[in-house]
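> In our numbering, the protein residues as written are 1436 to 1667.
Backbone N, C-alpha and C define an ideal beta-carbon position, used for all residues, glycine too.
Note that the structure is predicted; figures quoted are calculated from it, not measured.
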C-alpha cells in the first residue's frame, strides 16, 4: 500500500460513521486475535510434530518400558508421549496391584483396560490440539457478515445524509460515502480469509496426529499382548 493509499484509507476511516468505525474496530480486534491464535498454534503444532518424531524413534528402538517413560516425560509437547504416559501409569497401577507377580509381565486381562485408557487419552489429545480452533472458525464465518453490516449501514447513512443535504443522489455525490462504507467489507474479508485458511490447515494437521496416535496405540497394544502371552 502506497503512502497516498494509506492516507486515503485512514481518511475514510476517520470520516466514517460511528457505527462503521465500531465495526472496523471489532474487525481489527478479531483479526489481531486470529493472528495471535495462528502463531500460537503454529508453534504448538511444530513442537508436537518434532517431539513426537523423537519419541517414536526411541519407541522403534524397542527400549524397556521404564526407559521409554523417562524419554516421554521430557517431551512435554508430544501427543504420542502423553498417550504413552497414560498407558504407562495404568501399567504401573496393575504392577502395584499384582506385587511380585506383576514384575514378570502383564496379565492378559490388563491389556484391554490399558487399551481403553489409551483411547481416552487419544481423545483428550485431540481436544487439546483443537483448542482455540473454534475461534478461527467463528472469525472466518462471521467477519464478512460483520463487515457487510458496516457497509450496509454506511451506505444507508450516505444516501440519507446526501439526500437530506442536497436532494441529489447522483453517483458523483454518493460515491465518496459508498467508498467509505465499502471499507468495512474489505476489512471483514481481510480478517476472515487468513482465519479460514489457517483453520483448514490446522484441521489437516490434526488428522495427521490422529493417525499417528492410532498407529502408536495399535503397535503398543500389540507389544503388550505379546508380553502378556509370554506371561501366561
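Identify whether residue 1576 lies in helix, strand or coil by the three-state DSSP scheme.
Helix, per DSSP.
> Within 10 angstroms of the Cβ of residue 1564, are there 16 or more other Cβ atoms? Answer buried if so, exposed if not.
Looking at its Cβ environment, which holds 16 or more other Cβ atoms inside 10 Å, residue 1564 is buried.
> Mapping DSSP to helix, strand and coil, what is residue 1623?
Three-state DSSP puts residue 1623 in a helix.
> Could you tell me the distance, in whole angstroms, from the CA atom of residue 1594 to the CA atom of residue 1580?
Roughly 21 Å separates the two Cα atoms.
> Does the stretch 1462-1474 come within contact of the stretch 1625-1642, defined as at least 3 CB pairs closer than 8 Å?
Touching, per the Cβ criterion.
> Along the chain, where does the alpha helix (DSSP H) containing residue 1501 start, and where does it finish?
That run of the alpha helix (DSSP H) goes 1500-1509.
> Compute the distance between the beta-carbons of residue 1459 and residue 1619, then report whether it is under 8 Å.
Going by C-beta atoms, residue 1459 is nearer than 8 Å to residue 1619.
> Whether or not the stretch 1521-1529 and the stretch 1571-1578 are in contact is what I'm after, with contact meaning three or more pairs of Cβ atoms, one per stretch, closer than 8 Å; do they touch?
Touching, no.
> Please report the straight-line C-alpha distance between residue 1654 and residue 1522, rounded to a whole angstrom.
So the alpha carbons of these two residues sit roughly 13 Å apart.
> In the DSSP assignment, the alpha helix (DSSP H) including residue 1478 goes from what residue to what residue?
Its alpha helix (DSSP H) spans residues 1453-1495.
> Taking the straight line between their C-alpha atoms, what separation do you get for residue 1658 and residue 1473?
In a straight line, the C-alpha of residue 1658 is about 38 Å away from that of residue 1473.
> Could you have a look at residue 1652 and say whether DSSP puts it in helix, strand or coil?
Helix, per DSSP.
> Using 7 Å as the cut-off, classify the Cβ of residue 1525 as near or not near the heavy atoms of the ligand FMN, replying yes or no.
Absence of the ligand FMN is noted for the structure shown, with no ligands found whatsoever.
> Compute the distance between the beta-carbons of residue 1515 and residue 1480, then report whether it is under 8 Å.
Contact: no.
> Helix, strand or coil for residue 1569? Go by DSSP, reduced to three states.
Helix at residue 1569.
> Mapping DSSP to helix, strand and coil, what is residue 1556?
The answer is helix: DSSP assigns residue 1556 an H, G or I state.
> Tell me whether residue 1453 is buried or exposed, calling it buried when 16 or more other Cβ atoms sit within 10 Å of its Cβ.
Answer is exposed; the Cβ neighbour count stays below 16.
> Hey, out of 1485, 1639, 1484, 1506, whose CA is closest to residue 1494's CA?
Among 1485, 1639, 1484, 1506, the Cα nearest to that of residue 1494 is on 1506.
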